[in-house]
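If you read the sequence shown in this note's numbering, its first letter stands for residue 1, the second for the next number, and so on.
For each residue, glycine too, the CB sits at the ideal point set by N, CA and C.
Just so we're clear, the structure is a prediction, and the values are computed from it rather than from any experiment.
Working notes for the structure below.
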Amino acid sequence: MIPANLSAFLADDMEDDETTRTHTCYVTLKTDSVITAMDLSSNKVIYAIGEHGIKQIVNNQYIDKGNSEIVQEIMTGQMIQIGKGQFGTVFLVKTISGKYYALKKIHLKWDDEKDNYIWREFHTIYTSESPHLVKLYECFYKETTVHLVMEYMDIGSLSTIMNIIDLTRKTLKLLVRSESTKSLFPMGSEVKNVDRLSEQENERNKELIKKIVKTIRKLPQVFLQRYASGSCMSEKECAVIIKKVIEGLQYLRSKHIIHRDIKPSNILMSKYGEVKISDFGLSNGKNLNIGNSGIYDTTYDTICGTRIYLSPERLREEKYGYNCDLWSTGLVLVELFTGKHPQDTTKDVVSCYTDFNLYVDNALKILREAFASNEMIDFVACCLQIDRNKRPSYEQILQHPFLSSLSSMSNEEQNECLRNNLLSWIIPFISQPEL
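So, in structure tokens, the structure goes:
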């Protein structure tokens, strides 16, 4: 069955039969703002997706085959599953020519509400001009499955990075206290603000921890200097990452799009120090209403996303706008710097979703315990304004002293900062899938 939001635009001569639904369709960019899907068997454009949804259906004899070589490479390359999310399964593909791509497969039922999210993801990343959104090279439809061919971010998500840092800090703490290894460190050495390594963690990450131990024993005092202070990342590293995330959100804002699921696992990094937002399955393009005083933004009240990162207005199921993503970004920053989420410090988890003053107080408290600067604490306080009307715009928050110190650095210089600092501690412990 054709989805309801498509049927109204279908040409009279298009039949809803099994043949129509199983043809392979390549999706190509027709203009700066419209994506079209083409039925290769009939040389017809089936639909066109614009910023605010499906715009038109046209018949056309022209097919742009500019990216079809990528499809052929993907279909003949080696493939291994590397992840699975709410809206699809992700594979790493190595082509015959040695190129790497991430391939997201989404099963399409045509009568599922999930299809609406797929159109948003198509449009959001396929037409992106931002260096802070994951690139989509090609889309094609085969055997009821949509395939998104995206760039492969070889370091992985911030969640992966935070897991490595957490295990490194816990292992370092263990070595500092162990009778057999504490002689490697200056007397009285201590690793602050980190829990002990649990038996479950040790068992689950046995090989990685062995590698971490071996590396620390070679450079014990260097690791101690890096992690003893109580923070996971330096403030400058955090600032660079968050600046790139906010610039990505600012670009989405310019396209009237709310991401709605900003969290560490949806922020990816490459070995070149690039930071990019991914997973737009929950992104929502906002319609613009015309009022007597001109154009104004509508708001949404749909609940979706990862609960612990949701802003107060979304948890209350109230109207929300673009800056719900700013709240989530503030929580991500707390996590990157301290390794903790405000929820982790609250005995009564339910209060995290009801007592927002306590929630924000916990966030600022764990920043202070990790010796965050006043600039960072104030920045987070701005992001975590409970009243969404008091949160700054993306333009305003980029001028905050915590980020404005980076204004003289180019994007490449910021990448280099992460490459030469943060990633030098992470890359030795990243295991790439074998193909």
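Subject >> Which of helix, strand or coil DSSP assigns to Thr95 >> reply: Residue state for Thr95 is assigned as coil, using DSSP reduced to three classes.
Subject >> Pick from Ile277, Val146 and Tyr227 that is closest to Asp166, judged by C-alpha positions >> reply: Nearest of Ile277, Val146 and Tyr227 to Asp166, Cα basis: Tyr227.
Original post:
Nearest to Leu219 by alpha carbon, out of Lys99, Gln343, Thr181 and Ser159?
Top reply: The shortest CA-to-CA distance from Leu219 to any of Lys99, Gln343, Thr181 and Ser159 is the one to Thr181.
**OP:** Using beta-carbon positions only, say whether Ser159 and Pro264 come within less than 7 Å of one another.
**Re:** Going by C-beta atoms, Ser159 is nearer than 7 Å to Pro264.
**OP:** Give the DSSP-derived three-state secondary structure of Phe451 in the structure shown.
**Re:** What is shown of the chain runs 1 to 435, which leaves residue 451 out entirely.
Subject >> Identified DSSP bridge partners for Glu151 >> reply: DSSP lists Tyr101 as partners of Glu151.
Subject >> Cβ separation of Leu333 and Cys238, assumed to be a contact under 8 Å, to the nearest whole Å >> reply: With 8 Å as the limit, Leu333 and Cys238 qualify as a contact, their Cβ atoms being about 6 Å apart.
Original post:
Is there a Cβ from chain C that is less than 7 Å from the Cβ of Met233?
Top reply: The structure shown contains no chain C; it holds only a single protein chain.
Original post:
Hey, Lys105 and Thr145: beta-carbon distance below 7 Å or not?
Top reply: Yes, the Cβ-Cβ distance between Lys105 and Thr145 is below 7 Å.
Original post:
Among the residues of its own chain, which have a CB less than 7 Å from the CB of Ile209, if the five just before and after it don't count?
Top reply: Sequence-distant Cβ neighbours of Ile209 in its own chain, meaning closer than 7 Å and more than five residues away, are Leu167, Thr171 and Asn202.
**OP:** Give the range of the beta strand (DSSP E) segment to which Lys236 is assigned.
**Re:** Taken as a continuous stretch (DSSP letters only), Lys236 belongs to no beta strand (DSSP E), being part of the alpha helix (DSSP H) at Glu235 to Ser254.
**OP:** Count the other C-beta atoms from every protein chain shown that fall within 10 angstroms of the C-beta of Asn329, then say buried if there are 16 or more, exposed otherwise.
**Re:** The question names Asn, but residue 329 is Thr in the sequence shown. Buried, by the Cβ-count rule.
**OP:** Taking the CB atoms as reference points, tell me whether Lys236 and Val275 lie closer together than 7 Å.
**Re:** With respect to Val275, Lys236 sits apart: the two C-beta atoms are not nearer than 7 Å.
Original post:
Measuring CA to CA, which of Asn374, Asp261, Val71 and Tyr322 is closest to Thr95?
Top reply: Taking each of Asn374, Asp261, Val71 and Tyr322 in turn and checking the Cα distance to Thr95, the smallest one comes out for Val71.
**OP:** Let me know the secondary structure DSSP gives Leu268 once reduced to three states.
**Re:** In the three-state reduction of the DSSP assignment, Leu268 falls in the strand class.
**OP:** Would you kindly work out how many angstroms separate the C-alpha atoms of Arg316 and Arg388, rounded to a whole number?
**Re:** Taking the straight line from one Cα to the other gives about 12 Å.
Original post:
Do Asn102 and Tyr152 have their CB atoms nearer than 7 Å?
Top reply: For the record, residue 102 in the displayed sequence is Ala; it is not Asn. Remark: C-beta atoms of Ala102 and Tyr152 approach each other more closely than 7 Å.
**OP:** Flag this pair as yes or no: are the beta carbons of Tyr394 and Ile246 separated by less than 7 Å?
**Re:** In this structure, Ile246 lies closer than 7 Å to Tyr394 by Cβ.
**OP:** For my contact list, Leu92 and Ile74 are in at a C-beta cut-off of 8 Å; report their separation, rounded to the angstrom.
**Re:** At roughly 11 Å, the Cβ-Cβ gap does not stay under 8 Å, so Leu92 and Ile74 are not in contact.
Original post:
Is any heavy atom of the ligand FMN found at a distance shorter than 6 Å from the C-beta of Gln200?
Top reply: The model depicted lacks the ligand FMN and carries no ligand whatsoever.
Subject >> Span of the alpha helix (DSSP H), counted from its first residue to its last, around Lys211 >> reply: Its alpha helix (DSSP H) spans residues Lys206 to Lys218.
Original post:
In or out: Ser436 buried (at least 16 other Cβ within 10 Å) or exposed?
Top reply: In the structure as shown, the chain starts at 1 and stops at 435, and residue 436 therefore has no counterpart that could be examined.
**OP:** Over the uninterrupted alpha helix (DSSP H) stretch that includes Val360, give me the two end residues.
**Re:** Taken as a continuous stretch (DSSP letters only), the alpha helix (DSSP H) holding Val360 covers Phe356 to Glu369.
**OP:** State the start and end residues of the unbroken beta strand (DSSP E) segment that holds Lys276.
**Re:** From DSSP, the beta strand (DSSP E) with Lys276 extends over Val275 to Ile277.
**OP:** Tell me whether the beta-carbon of Arg217 lies closer than 7 Å to the beta-carbon of Val194.
**Re:** Not a contact, by the Cβ cut-off of 7 Å.
Original post:
What residue range is occupied by the uninterrupted alpha helix (DSSP H) comprising Gln396?
Top reply: From DSSP, the alpha helix (DSSP H) with Gln396 extends over Tyr394 to Ile397.
Original post:
Within 10 angstroms of its Cβ, does Phe356 collect 16 or more other Cβ (buried), or is it exposed?
Top reply: Per the 10 Å Cβ criterion, buried.
**OP:** Can you tell me which of the three DSSP states Lys173 falls into?
**Re:** Correct three-state label for Lys173: helix.
Original post:
Bridge partners of Leu133, per DSSP?
Top reply: DSSP, once it has assigned bridges, lists Ile277 as partnering Leu133.
**OP:** May I ask which residues mark the beginning and end of the alpha helix (DSSP H) holding Met79?
**Re:** Segment Gln78 to Gly85 is the beta strand (DSSP E) holding Met79; no alpha helix (DSSP H) there.
Subject >> Sequence-distant residues of the same chain with beta carbon closer than 7 Å to Ser405, five excluded per side >> reply: Cβ contact annotation for Ser405 (same chain, cutoff 7 Å, sequence separation greater than five): none.
**OP:** Would you mind reading off the limits of the alpha helix (DSSP H) that contains Asp463?
**Re:** Any answer about residue 463 is impossible in this case: the structure gives the chain only from 1 up to 435.
**OP:** Please classify Tyr227: does DSSP put it in a helix, a strand, or coil?
**Re:** It is helical.
Original post:
Just the Cα atoms here: how many angstroms apart are Leu367 and Ile427?
Top reply: For Leu367 and Ile427, the distance between alpha carbons rounds to 26 Å.
**OP:** Starting from Phe402, follow the alpha helix (DSSP H) in both directions and report where the run begins and ends.
**Re:** For Phe402, the enclosing alpha helix (DSSP H) starts and ends at Pro401 to Ser404.
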